[in-house]
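Here the structure is laid out as structure tokens; the discussion comes afterwards.
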Amino acid sequence: MSREFPIGLTPPDWLVRNLQPQQAPLNRPAIARAAVAMSLPLALGLATGHTAYGALASMGALSGVIGDTADAYRMRILNIAIPQFFGAVGVTLGAAVYGHGWLAVTALTLIALVSGMISTIGAVASVSGLLLLLNSVIGAGLPLPGAWWLAPVLMSGGGLLVLLLALLAWPLRSGVPERTAVANTYRTVADLLTTCGDDPTAGYDAARRAVTQSLNQSYDLVLARRARHHGRNPELTRLLAQLNAITPVVEAAPAVHQSGRSLPPGIRDTVRHLAQAVETGYTGPIGLDLPAPTSETTRAVDHALRHAAEVVTAPDVDPRGIDDRLGRPAALRIRAARAARNVLLSSGSWRYGLRLALCIGLAQVLVSTVPVPRSYWIALTITFVLKPDFGSVFSRALLRALGTVAGLVIAAAVLSVVPRGWWDVLVLLLLAPLIPALTPRGYGYQTMAITPVILLLSDILNHQGTALLLPRLVDSLIGCGIALIAGYLLWPESWHTRVGDRLAEAVADTAGYVESAFGTLGSSGVEADPAARARMRRRLYRDLSVIRTEFQRALTEPPPTGRLAAGWLPLVVAVERIVDATTAARVRVKHGAPPPSSAEVTQVALQLRELSEGVRESEVLVEVRTDLTGPTGSVLEPLRQEVAAARAIASPH
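Start counting the sequence shown at 96; every next residue gets the next number (my numbering).
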């Protein structure tokens with residue numbers, strides 16, 4: 096029988112959440128690529144008598160392995176190739192100031208500022224900024240062999256080897272990841288319809304969030320390729336049409352759930368049948384065996400499913416009739432100019448950049464004034480811990496320290512037992528696959544996998560053996576300490592600024608969505624375009640998904656931040672349900688229910704805007720007025736109840 100912790104020894108919730116491994120499937124192709132891409136360069140280096148060169152190329156392959164996360168082939172090019180360019184620039188700049196004392200301090204501090212600022216642009220820019228700073232630190236802290244250009248070429252070559260391996264199957268599987276993503280979206284919608292009408296609603300809420308995440312991923316994959324093809328590719332046009340076709344089914348789900356009556360199993364099976372047709376590219380006839388609709392909600396589901404079946408099985412799709420529910424991405428030149436302008440003018444990008452620059456500058460000043468062997472490890476630790484878009488700084492510092500200790504245990508066994516030479520290739524062949532295997536489990540597990548690999552490659556370059564271990568532990572703890580003090584405690588960037596303002600903006604956008612759902616866009620009185628309304632709803636769900644992720648990160652921080660986030664999280668759920676209730680009311684009106692009066696709509700929107708202002712102005716939950724009444728039996732009655740519930744949540748208990 097297991098023994099329970101005494102009350103005084105029970106670990107706090109935030110610590111348990113930090114240490115709990117995340118569930119994720121194994122990416123077997125990425126695991127195989129990591130093993131080959133990291134061991135092959137070292138083997139070639141040993142075979143040609145240039146072991147140090149092979150170690151540098153393997154170190155470059157490590158960055159490619161970390162960035163090898165995309166499903167679509169074109170996205171793999173962006174995720175790996177662009178960061179490799181920035182990594183080459185970084186190692187060149189770092190090597191140029193190696194051994195130059197205060198010049199190196201100044202250079203790395205400025206590079207850290209640029210790295211932190213460009214990290215706010217997006218996922219690819221974030222990894223690019225990470226490699227820019229990471230390789231700069233390595234170049235400034237390690238004596239690299241060969242001419243000045245050799246290290247950038249070798250490290251970039253290692254990363255591009257990962258890309259080459261990732262693209263080998265492209266001629267045979269072009270478009271397969273996009274089709275698979277769209278088909279999986281259909282399957283998540285089938286799961287959502289299965290939960291409709293259940294009480295309690297926990298299963299429905301989880302299924303709805305899964306649909307939002309799947310739709311986001313599918314639109315991102317399809318639109319990323321379509322931006323290049325400008326709608327001329329018939330396969331991408333079909334996929335976009337199929338994504339748009341499933342949207343009315345998603346919109347009907349809240350109305351079904353609100354009715355409290357479950358759908359027949361045949362409807363779920365029909366959606367799964369459509370998912371299979373999407374995945375295989377089937378365009379033949381599909382026999383729909385749908386029950387006769389008996390209410391507004393069942394008519395909505397029936398109409399949406401029949402439309403989806405027509406789109407999925409249509410052999411040809413006219414691209415002129417397809418609207419992008421998230422808006423087609425602008426041209427690359429326009430997006431680059433927009434991103435550069437946002438980075439330069441955004442207070443958030445400057446704040447992140449200055450935090451990172453301060454910590455890197457302090458680390459370099461420390462190692463320049465206090466003798467610290469191989470001191471680059473301190474700055475490396477800060478680079479990984481303090482990336483502002485990677486989650487809670489506190490949590491990453493904690494997990495970095497724990498993961499480093501576990502990784503050092505593995506490294507100790509390797510460095511003390513395994514002789515140098517060809518045995519290193521075998522060890523790398525075994526250790527490298529752990530990186531893509533453990534990374535999805537959490538940052539601590541990723542650190543545990545990366546640490547012995549970096550130490551093994553470092554030992555090949557400097558031949559220190561087990562003497563590396565204790566200094567690396569001390570350096571990691573110093574780096575975590577600098578990140579916590581100078582990058583976390585000294586920057587009272589309140590939880591409200593990080594999350595509360597975003598939530599307030601989402602509530603205000605929800606008020607606009609309520610107005611647009613019933614005929615007008617805000618106070619302008621302009622008739623709402625159905626495509627614009629669909630884009631508004633999709634953006635709302637996407638924004639709320641991002642906000643929920645921020646809340647989950649905040650929950651991993653110690654009090655008071657974690658406690659504040661736990662208190663506000665129900666309000667995020669309430670706003671999601673308001674969007675659902677609005678969509679359900681819109682669907683009911685479209686399929687026969689009497690529309691609400693403009694006075695009802697205005698009253699609900701006013702209440703939401705008042706709630707938004709209360710959230711924006713408050714650090715903690717504050718009391719708000721809940722005064723919502725309306726005609727009995729109105730289609731907006733469920734929406735009024737959800738708004739009243741949200742305002743009740745935003746009151747002290």
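Backbone N, C-alpha and C fix where the C-beta goes; we use that ideal spot for every residue, glycine too.
Quick check on residue i: buried or exposed, where buried means 16 or more other Cβ atoms within 10 Å of its Cβ?
i           : result
residue 460 : exposed
residue 517 : exposed
residue 435 : exposed
residue 455 : buried
residue 332 : buried
residue 135 : buried
residue 558 : exposed
residue 712 : exposed
residue 743 : exposed
residue 730 : buried
residue 387 : exposed
residue 269 : exposed
residue 117 : exposed
residue 264 : exposed
residue 368 : buried
Taking just the CA atoms, how far does residue j sit from residue i?
i           : j           : result
residue 654 : residue 647 : 14 Å
residue 748 : residue 662 : Residue confidence is low: residue 748 scores 46 on pLDDT, short of 50, so the model does not pin down where it sits. Its coordinate-derived value is still stated next. Between residue 748 and residue 662, the C-alpha separation is close to 10 Å.
residue 115 : residue 703 : 36 Å
residue 741 : residue 627 : 26 Å
residue 441 : residue 597 : 15 Å
residue 176 : residue 188 : 19 Å
residue 219 : residue 695 : 45 Å
residue 342 : residue 524 : 45 Å
residue 473 : residue 229 : 11 Å
residue 589 : residue 371 : Since pLDDT at residue 589 reaches only 49, below the 50 mark, its modelled position is unreliable, and no value is offered.
residue 326 : residue 734 : Low confidence applies to residue 326: its pLDDT is 48, below 50, so where it sits in the model is not reliable, and the reading given next is rough at best. Distance between the alpha carbons of residue 326 and residue 734 is about 38 Å.
residue 514 : residue 148 : 19 Å
residue 278 : residue 355 : 28 Å
residue 710 : residue 521 : 56 Å
residue 159 : residue 222 : 10 Å
residue 620 : residue 687 : For residue 620, the pLDDT reaches just 44, beneath the cut-off of 50, and the residue's location in the model is therefore unreliable, leaving the point undetermined.
residue 475 : residue 353 : 52 Å
residue 125 : residue 201 : 38 Å
residue 561 : residue 511 : 6 Å
residue 213 : residue 444 : 7 Å
residue 437 : residue 161 : 27 Å
residue 237 : residue 567 : 14 Å
residue 224 : residue 397 : 49 Å
residue 571 : residue 502 : 12 Å
residue 498 : residue 488 : 15 Å
residue 580 : residue 141 : 43 Å
Give me the residue from the options with the minimum Cα distance to residue i.
i           : options            : result
residue 555 : 453, 197, 146, 127 : 146
residue 678 : 348, 712, 595, 385 : 348
residue 453 : 396, 476, 179, 578 : 578
residue 190 : 211, 664, 227      : 227
residue 335 : 280, 291, 299, 308 : 280
residue 166 : 573, 666, 262      : 262
residue 639 : 668, 360, 650, 164 : 668
residue 180 : 157, 255, 130      : 255
residue 157 : 510, 542, 563, 656 : 542
residue 451 : 198, 388, 205      : 205
residue 391 : 690, 222, 315      : 690
residue 329 : 410, 364, 299      : 410
residue 363 : 211, 287, 531      : 287
residue 464 : 199, 708, 660      : 199
Can you give me the start and stop residues for the alpha helix (DSSP H) that residue i sits inside?
i           : result
residue 731 : From DSSP, residue 731 is part of no alpha helix (DSSP H); its letter is neither H nor E.
residue 604 : 596-612
residue 465 : Segment: none, residue 465 is in no alpha helix (DSSP H) and carries neither H nor E.
residue 471 : 471-480
residue 283 : 271-290
residue 124 : 123-143
residue 546 : 538-557
residue 515 : Residue 515 -> no alpha helix (DSSP H), and no H or E assigned at all.
residue 118 : Looking at the DSSP string, residue 118 is not in any alpha helix (DSSP H), and its letter there is neither H nor E.
residue 192 : Where residue 192 is concerned, there is no enclosing alpha helix (DSSP H), given that its DSSP letter is neither H nor E.
For residue i and chain D, any beta-carbon pair shorter than 8 Å?
i           : result
residue 406 : Although the question refers to chain D, the structure presented lacks it and comprises just one protein chain.
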